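The numbering of the sequence shown is numbering that gives the first Met the number 0, which starts it at 0 and goes up by one. Note that beta-carbon positions come from the ideal geometry of N, C-alpha and C, so glycine has one too. From a predicted model like this one, the values you see are computed outputs, not experimental measurements. What follows is a short report on a single structure.
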Amino acid sequence: MAVNVPRVAWVLLSATILWNVGEGIVAIIAGASVGSLALIAFGADSYLEVAAASAVVWRLAMSDAERGERAERQALRLIGWTFLALSAAIVFQSLSALASRDGAEESLLGISLASASLSVMPGLALWKLRVAARSNIPALAAEAKETLACSYLSITLLAGLIANAVAGWWWLDPLTALLLVPWLVREGLEGVRGEVCFEGLSRVLKKWP
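Below is the structure:
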């Protein structure tokens with residue numbers, strides 16, 4: 000399937016990769032400085048998003064129709080595996096935190112990072128979904144959903160950091176993160192099968208101005 004890729008798609012994917020590389024570095028440094036497994040895991044998750052975005056960049060670089068069709072399926076499968084890896088990482092980190100009663104440790108840098116992520120990632124995800132719907136790029140739609148997942152993790156991290164600092168609710172971050180796992184697994188299995196379901200959403204997004 001040959002795809003006429005709008006320039007904005009390349010810009011959005013480049014922004015996703017650059018943001019997540021920087022976010023991952025800051026989160027891991029912040030987590031290591033206060034001994035926060037939640038922050039370190041958040042940083043590691045950023046690199047799964049980098050892998051997903053890189054897979055879409057590779058797919059969109061294929062201009063030949065036959066090669067593009069194969070690349071589309073392979074990109075979807077790779078993104079599916081990053082969804083499954085993310086779900087496994089969340090389960091491991093959350094259960095470890097609950098078992099050890101080790102929530103998101105108080106960190107001003109971590110709170111600032113999660114807040115910054117929330118100011119960027121949801122809009123970036125919706126913009127990518129819109130471009131994917133209008134240009135019929137399933138791999139970009141799948142990757143945008145992973146960006147939405149990372150946005151949700153930013154919410155749980157921010158809530159956990161603040162709740163632990165203010166009320167000592169160390170359990171909030173790992174418990175709310177687990178709520179995302181069923182959706183991640185479903186999206187991951189769809190991707191591994193080379194599928195992506197965004198037709199209903201695309202009809203809405205195509206109507207945006």
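Assigned with DSSP and collapsed to three states, residue 145 falls in helix. The residue from 106, 117, 15 with its alpha-carbon nearest to that of residue 33 is 106. Here residue 147 is actually not in contact with residue 44; their C-beta atoms are around 13 Å apart, not less than 8 Å. Residue 189 carries a helical assignment under DSSP once its states are collapsed to helix, strand and coil.
In this structure residue 126 is in contact with residue 11, their Cβ atoms being roughly 6 Å apart against a cut-off of 8 Å. Residue 118 and residue 19 have their alpha carbons spaced roughly 14 Å apart. In the assembly as shown, residue 55 is a buried residue. Its beta-carbon has 16 or more other beta-carbons within 10 Å. Taking C-beta atoms as the reference points, residue 145 and residue 22 fail to come closer than 7 Å. Rounded to the nearest angstrom, the Cβ distance from residue 141 to residue 124 is 11 Å, too far for a contact under 8 Å. Excluding residues up to 5 positions away in sequence, nothing lies with its Cβ nearer than 8 Å to the Cβ of residue 165 in the same chain. For residue 178, there is no enclosing alpha helix (DSSP H), as DSSP marks it with neither H nor E.
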